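Chemist: Heads up: the sequence shown is residues 13 to 280, going by my numbering. One structure, pasted below without further comment.
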Amino acid sequence: MKVGVVQMTSTEDVERNLACAERCVGQAAEDGARVVVLPECFAYLGPEDGKLALAEALPGGDPILERMQALARARGVDLVLGGFWERGASPGKVKNACVHLDAGGAVKAVYRKIHLFDVDLPDGTRLVESDTVEAGSDVVVTDTPFGRLWLSVCYDLRFPELYRRLVDGGAIALAIPAAFTLTTGKDHWHVLLRARAIEAQCYVLAAAQTGHHFGRRYSYGHALVVDPWGTVLAEHGEGEGAVVARLDPDAVARVRRALPSLAHRRLG
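Pasting the structure below:
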């Protein structure tokens, strides 16, 4: 089965972002993908007050969600909305949600980002996600046409204990949509994604943001698909678009038989 990961340069222009998402998902579908992952912040990546204004309820029927549901139906794909701004429980707060839509547009699963990105980077960029985002607490595995998919978002990538829990959930692939900063991405993106694939013995589907968004916010790009042995099967590089790779559930079983590290765990 073929899967696709999308790469975008989202800004505060929501209409432009959604049109790009539609174009890239269409490209992946035409290349044979049956599951397509969009990056974090796909609908909006701009000043903080903007995401508060456009946040929508889940699983309600607001315009951004409805448009993505229509896209899933039109293209006949399961669509993972890598970072959807969901209305928060408190004023001035949203949730960073990873939403799985099936090919009929129904909401199948919602994961809320657990690890929030609060950092001062060496290049002077300061990002404090917790100022406007409510952290989630629950791990989520969802059923797709190829099998079970583990949902996560961006900064979660740095916490391997989260992904090791997938074994008990039966996942064979990890969705890791991101808006990884240029500063950290150039040194850590490939290393961390390949490490998660190797230690979890799963495919990794990593949609990405790339380029300049606003102010000092730049993303690294390089959307990619990694196999359970840690081999990069497809990579986009820079610019907007999508790449597609073939996912074989039997390959997961073969790797786990050949190198049974998951069965040898002693500490959980």
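Backbone N, C-alpha and C fix where the C-beta goes; we use that ideal spot for every residue, glycine too. Keep in mind the model is a prediction, meaning the values are calculated, not measured.
Return the CA-CA distance between valine 92 and proline 134, expressed in angstroms with no decimal places.
Modeler: 32 angstroms
Chemist: Have a look at glycine 242 and proline 103 and give me their C-alpha separation to the nearest angstrom.
Modeler: Those two C-alpha atoms are separated by around 42 angstroms.
Chemist: Glycine 95 and cysteine 110: beta carbons closer than 9 angstroms?
Modeler: yes
Chemist: Candidates Ala86, Lys198, Ala183 and Pro189: which alpha carbon is nearest valine 11's?
Modeler: No answer is possible for residue 11: it lies beyond the span of the chain, which begins at 13 and ends at 280.
Chemist: Using the three-state DSSP reduction, which class does alanine 45 fall into: helix, strand or coil?
Modeler: strand
Chemist: Output yes or no for whether 9 angstroms exceeds the beta carbon distance between histidine 234 and glycine 249.
Modeler: yes
Chemist: Hey, out of Pro172, Val216 and Ser149, whose CA is closest to leucine 245's CA?
Modeler: Val216
Chemist: Whose CA, out of Asp43, Ser273, Ala118 and Leu128, lies closest to the CA of leucine 70?
Modeler: Ala118
Chemist: Are there 16 or more other CB atoms within 10 angstroms of the CB of phenylalanine 171, so buried, or fewer, so exposed?
Modeler: exposed
Chemist: Quick check on the DSSP output: what are the complete beta strand (DSSP E) runs of length 3 or more inside the region 151-188, in order along the chain?
Modeler: Taking only runs of at least 3 residues, the beta strand (DSSP E) segments lying wholly in the region 151-188 are 153-156, 159-163 and 185-187.
Chemist: Classify glycine 197 as helix, strand or coil using the three-state DSSP reduction.
Modeler: helix
Chemist: Can you give the beta carbon distance from leucine 169 to leucine 128, rounded, assuming they're within the 8 angstroms contact cut?
Modeler: Rounded to the nearest angstrom, the Cβ distance from leucine 169 to leucine 128 is 13 angstroms, too far for a contact under 8 angstroms.
Chemist: Beta-carbon separation of alanine 254 and alanine 121 under 9 angstroms?
Modeler: no
Chemist: Is the region 264-280 touching the region 53-61 in the sense that three or more CB pairs, one from each, lie closer than 8 angstroms?
Modeler: no
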